[in-house]
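> Read top to bottom, the protein sequences are chains S and C.
Residues in the first sequence are numbered consecutively from 111, following our numbering.
Residues in the second sequence are numbered consecutively from 111, following our numbering.
Number of protein chains: 2
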Amino acid sequence: MKEKTGKHGTGTTTSEALLGILSIAPMSGYDMRATIERSIGNFWNESFGQIYPALKRLTEEKLVEKKAERRKGHPDRNVYSLTAKGEDRVREWLEVPAANEVPRNELLLKLFFGGHAPVSASRESVESFVTRQQQALKRYREIAKQIRKEHSDDPRAEFWLMTVDYGRHYSEAMVKWGRKTLKELDAIESRAQEKSARKKRRE
Amino acid sequence: MKEKTGKHGTGTTTSEALLGILSIAPMSGYDMRATIERSIGNFWNESFGQIYPALKRLTEEKLVEKKAERRKGHPDRNVYSLTAKGEDRVREWLEVPAANEVPRNELLLKLFFGGHAPVSASRESVESFVTRQQQALKRYREIAKQIRKEHSDDPRAEFWLMTVDYGRHYSEAMVKWGRKTLKELDAIESRAQEKSARKKRRE
DNA sequence: GGGTGCATGTAATGGGTTACATGATTCT
DNA sequence: AGAATCATGTAACCCATTACATGCACCC
Numbered sequence: 111m112k113e114k115t116g117k118h119g120t121g122t123t124t125s126e127a128l129l130g131i132l133s134i135a136p137m138s139g140y141d142m143r144a145t146i147e148r149s150i151g152n153f154w155n156e157s158f159g160q161i162y163p164a165l166k167r168l169t170e171e172k173l174v175e176k177k178a179e180r181r182k183g184h185p186d187r188n189v190y191s192l193t194a195k196g197e198d199r200v201r202e203w204l205e206v207p208a209a210n211e212v213p214r215n216e217l218l219l220k221l222f223f224g225g226h227a228p229v230s231a232s233r234e235s236v237e238s239f240v241t242r243q244q245q246a247l248k249r250y251r252e253i254a255k256q257i258r259k260e261h262s263d264d265p266r267a268e269f270w271l272m273t274v275d276y277g278r279h280y281s282e283a284m285v286k287w288g289r290k291t292l293k294e295l296d297a298i299e300s301r302a303q304e305k306s307a308r309k310k311r312r313e
Numbered sequence: 111m112k113e114k115t116g117k118h119g120t121g122t123t124t125s126e127a128l129l130g131i132l133s134i135a136p137m138s139g140y141d142m143r144a145t146i147e148r149s150i151g152n153f154w155n156e157s158f159g160q161i162y163p164a165l166k167r168l169t170e171e172k173l174v175e176k177k178a179e180r181r182k183g184h185p186d187r188n189v190y191s192l193t194a195k196g197e198d199r200v201r202e203w204l205e206v207p208a209a210n211e212v213p214r215n216e217l218l219l220k221l222f223f224g225g226h227a228p229v230s231a232s233r234e235s236v237e238s239f240v241t242r243q244q245q246a247l248k249r250y251r252e253i254a255k256q257i258r259k260e261h262s263d264d265p266r267a268e269f270w271l272m273t274v275d276y277g278r279h280y281s282e283a284m285v286k287w288g289r290k291t292l293k294e295l296d297a298i299e300s301r302a303q304e305k306s307a308r309k310k311r312r313e
């Protein structure tokens, strides 16, 4: 018999992310989307196609409450907030240590099989990856600055900064690896060209 | 109108991984599972529940060929190999640069909301993560050594080593981040304890 | 006889992405 | 009038995990 990681909602999915977001402040589904993108968008995304059905289920389970809000000059909206039960659920969820899953990595998969295609193909993948990581690094520095400026009083800001710091460590390492790998790919290519040049001379 | 990343199979999924594996050597579905675990298991996993149905589809699409193998002293098995069409497909797939997706990261999600639970909860998550990364680091060093020993002649080995090197860069950075983060979590906790101690003294 | 490893599959379930559909308001 | 933004939702489709089911061979 095996222990299961998730069964009746112990796993981490859209619902947990939404409960987490609502633990920061009550808001509408529309706002959740934007808040998620701004705050945890570097490691977690949600689409409307997931958010609205999830909010429906969470409401049925009495983990969140919906309040219709009518405002002049704006469309109506439904503002959701955590119930006491919802707050408990967030705490319970946080008490379960995060699983150490192995996420699928398309870049590495393609690179692993890189020998079966022109080197330029691998090069492009790695190059675009490095560019992305450099941009991310810049972004992380800005985000950290902003958090320290705007939320220096909030005790939760320290946790937010830890996740930003993860990004910094990650992206820095990835840029280093990427540059090194690009050099190695170039070496492979120039060796291949030498080889074909020698072949031509012989012909 | 938006460009779609994947439509009729341009995406990267079980099928592509299997085609890639078969580009290295023909083998049975059972062997694919084991091979995947040994070779790309650090960034890509497949289960039998995916492998067998995928092989069926790939056979129908004439991308792979099945040959029944009967051997005395062993159960029968189906050995799959790439067709010419399958080899083309692998090359086409490799020519499309890897997408820069944002994988969901449960550890960071929980850490982000860490302020809503005891610090010990965050601590456990990070601690287990660091341990995992340290083990991975050891494994990577062994794998690299083994590849250099057993496949020094194979030109594809260079690509394999690049993926191992990714792991090394990644895990090293993650161990650094994890240790730093554990220290910060400890600081938060001791500050909280001081606070409650002062409170007690006042009572 | 029972455990382990080899070997192949199916079914149930859950969950995520995308496209589609609708409609108000505000700005140009 | 038309585009952009706010706002909520549904439906189709794809993909993955897990559990279940089966059976042979080999060794103790």
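C-beta: ideal position from N, C-alpha, C; glycine also.
Small disclaimer: the values here were computed from a predicted structure and weren't measured.
For Val229(C), I'd like the list of residues in its chain whose CB is within less than 6 Å of its CB, leaving aside the five on either flank, ordered along the chain.
The residue labelled residue 229(C) in the question sits at position 119 within the second sequence. Closer than 6 Å at Cβ, skipping near neighbours: Leu295, Ile298, Glu299.
> Can you look up Leu173(S) in the DSSP assignment and give me helix, strand or coil?
In the first sequence, the residue the question calls residue 173(S) occupies position 63. DSSP places Leu173(S) in coil when its eight states are reduced to three.
> Run down chain C in chain order and give the residues with a C-beta less than 7 Å from the C-beta of Lys220(S).
Here residue 220(S) refers to the residue found at position 110 when the first sequence is read from its first residue. Neighbours of Lys220(S) on chain C, chain order: Leu204, Ala208.
> Quick one: which residues of the region 260–281 of chain C get their C-beta closer than 7 Å to a C-beta of chain S? List them in chain order.
Those residues of the region 260–281 of chain C that come within reach of chain S (Cβ to Cβ, closer than 7 Å) are Pro265, Arg266, Glu268, Phe269, Trp270, Met272, Thr273, Asp275, Tyr276, His279, Tyr280.
> Would His184(C) be called buried (16 or more neighbouring beta carbons within 10 Å of its own) or exposed?
Counted from its first residue, the second sequence places residue 184(C) at position 74. Answer is exposed; the Cβ neighbour count stays below 16.
> Taking beta-carbon pairs under 7 Å, can you tell me which members of the region 184–203 of chain C lie near chain S?
Going along the region 184–203 of chain C in chain order, one finds Val200, Arg201 with a Cβ nearer than 7 Å to chain S.
> Can you name, in chain order, every residue of its own chain whose Cβ lies under 8 Å from the Cβ of Ile161(S), other than the five neighbours on each side?
Along the first sequence, one-based indexing puts residue 161(S) at 51. Cβ within range, chain order: Thr124, Leu128, Gly139, Met142, Arg143.
> With DSSP as the reference, please indicate the residues paired to Ser93(S) in a beta bridge.
Examination of residue 93(S) is not possible in this model, given that chain S is present from 111 through 313 alone.
> Buried or exposed, going by whether 16 or more other CB atoms sit within 10 Å of the CB of Thr241(C)?
Mapped onto the second sequence, residue 241(C) falls at position 131. So Thr241(C) ends up on the exposed side.
> Mind checking who Met137(S) pairs with in its DSSP beta bridge?
Here residue 137(S) refers to the residue found at position 27 when the first sequence is read from its first residue. In DSSP, Met137(S) forms a bridge with Tyr190(S).
> Can you have a look at Phe239(S) and say buried or exposed, based on whether 16 or more other CB atoms are within 10 angstroms of its CB?
Here residue 239(S) refers to the residue found at position 129 of the first sequence. Phe239(S) is buried by the Cβ-count criterion.
> I'd like to know if Arg242(C) contacts chain S, where contact means its C-beta is closer than 8 Å to some C-beta of that chain.
Translated into the one-based positions of the second sequence, residue 242(C) becomes position 132. Closer than 8 Å: yes.
> Looking at Val174(C) and Thr193(C), is the spacing between their C-beta atoms short of 8 Å?
Position 83 of the second sequence, counted from the start, is the residue given in the question as residue 193(C). Position 64 of the second sequence, counted from the start, is the residue given in the question as residue 174(C). Yes; because the gap between Cβ atoms is below 8 Å, this pair is in contact.
> Taking contact to mean 3 or more Cβ pairs, one atom from each stretch, closer than 8 Å, check whether the region 212–220 of chain C and the region 265–280 of chain C are in contact.
Touching, no, given that fewer than three Cβ pairs across the two stretches are closer than 8 Å.
> DSSP three-state label for Lys182(C), please.
For the purposes of this step, residue 182(C) is taken as residue 72 along the second sequence, with counting starting at 1. DSSP places Lys182(C) in coil when its eight states are reduced to three.
> Using C-beta distances below 7 Å, list every residue in its chain close to Lys172(C), excluding the 5 sequence neighbours before and after it, in chain order.
For this step, residue 172(C) is matched to residue 62 along the second sequence. The answer, listed in chain order, is Thr193, Lys195.
> For Leu204(C) and Ala227(S), which I take to be in contact (beta-carbon distance under 8 Å), what is that distance rounded to the nearest angstrom?
Taking the first residue of the second sequence as 1, we reach residue 204(C) at position 94. Taking the first residue of the first sequence as 1, we reach residue 227(S) at position 117. So it is a contact: roughly 4 Å between Cβ atoms.
> If you measure between the beta carbons of Ser281(C) and Ala246(C), is that distance less than 8 Å?
Numbered from 1 along the second sequence, position 171 holds the residue referred to as residue 281(C). Numbered from 1 along the second sequence, position 136 holds the residue referred to as residue 246(C). Result yes, Cβ atoms of Ser281(C) and Ala246(C) sit closer than 8 Å.
> Can you check whether the CB of Ser133(C) is closer than 8 Å to the CB of Val200(C)?
Taking the second sequence and counting its residues from 1, one reaches residue 200(C) at position 90. Taking the second sequence and counting its residues from 1, one reaches residue 133(C) at position 23. The answer is yes: Cβ separation under 8 Å.
> Distance cutoff 8 Å, beta carbons only. Does Thr291(C) sit that close to anything in chain S?
Taking the second sequence and counting its residues from 1, the one referred to as residue 291(C) is at position 181. Chain S contact via Cβ: present.
> Against Phe158(C), what residues of chain S qualify as contacts under a CB-to-CB distance less than 7 Å, listed in chain order?
If you number the second sequence from 1, residue 158(C) lands on position 48. Ordered by position in chain S, no residue passes the 7 Å Cβ test against Phe158(C), which lies about 16 Å from the chain.
> Do Pro207(S) and Glu70(C) have their beta-carbon atoms positioned less than 8 Å apart in this structure?
As shown, chain C starts at 111 and ends at 313. That puts residue 70(C) outside it, with no answer to give.
> For the alpha helix (DSSP H) containing Ala283(S), name the first residue and the last one.
Position 173 of the first sequence, counting from 1, holds the residue named residue 283(S). Where Ala283(S) is concerned, the enclosing alpha helix (DSSP H) stretches over 267–312.
> Using a Cβ cut-off of 8 Å (strictly closer), state whether Ala227(S) contacts chain C.
Against the first sequence, residue 227(S) aligns to sequence position 117. Yes, its Cβ sits closer than 8 Å to a Cβ of chain C.
> Is there a Cβ from chain S that is less than 8 Å from the Cβ of Leu217(C)?
In the second sequence, residue 217(C) corresponds to position 107, counting from 1. Output row for Leu217(C): interface = yes.
> On a Cα-Cα basis, can you pick out the residue from Asp186(S), Lys220(S), Glu268(S), Glu211(S) that is closest to Gly121(C)?
Taking the second sequence and counting its residues from 1, one reaches residue 121(C) at position 11. Looking at the Cα atoms, Lys220(S) is the closest of the given residues.
> Output the boundary residues of the alpha helix (DSSP H) element that contains Ser232(C).
Taking the first residue of the second sequence as position 1, residue 232(C) is located at position 122. Taken as a continuous stretch (DSSP letters only), the alpha helix (DSSP H) holding Ser232(C) covers 229–260.
> Using DSSP with H/G/I as helix, E/B as strand and the rest coil, what is Thr122(S)?
What you label residue 122(S) is simply residue 12 of the first sequence in a count that begins at 1. Residue state, collapsed to three classes: coil.
> Please tell me whether Leu292(C) and Glu237(C) are closer than 8 Å, where the distance is taken between their beta carbons.
Counting from 1 along the second sequence, the entry for residue 292(C) is found at position 182. Counting from 1 along the second sequence, the entry for residue 237(C) is found at position 127. Yes; because the gap between Cβ atoms is below 8 Å, this pair is in contact.
> Quick check: is the beta carbon of Ile298(C) nearer than 8 Å to any beta carbon in chain S?
Taking the second sequence and counting its residues from 1, one reaches residue 298(C) at position 188. Output row for Ile298(C): interface = yes.
> Quick one: is Glu234(S) near chain C, going by C-beta distance under 8 Å?
Residue numbering aside, residue 234(S) sits at position 124 when the first sequence is read from its first letter. Interface residue, yes.
> List the residues of chain C whose Cβ lies closer than 7 Å to the Cβ of Ala127(S), in chain order.
Locating residue 127(S) in the first sequence gives position 17, counting from the first residue. Result: Leu219.
> Consider the Cβ of Glu294(S): report whether some Cβ of chain C lies at a distance smaller than 8 Å.
Along the first sequence, one-based indexing puts residue 294(S) at 184. At least one chain C Cβ lies under 8 Å of Glu294(S).
> Have a look at Phe153(S), Arg289(S), Glu202(S), Arg167(S) and flag the residue whose alpha-carbon is nearest the alpha-carbon of Phe222(C).
Position 112 of the second sequence, counted from the first residue, corresponds to residue 222(C). For the residues Phe153(S), Arg289(S), Glu202(S), Arg167(S), the minimum Cα distance to Phe222(C) belongs to Phe153(S).
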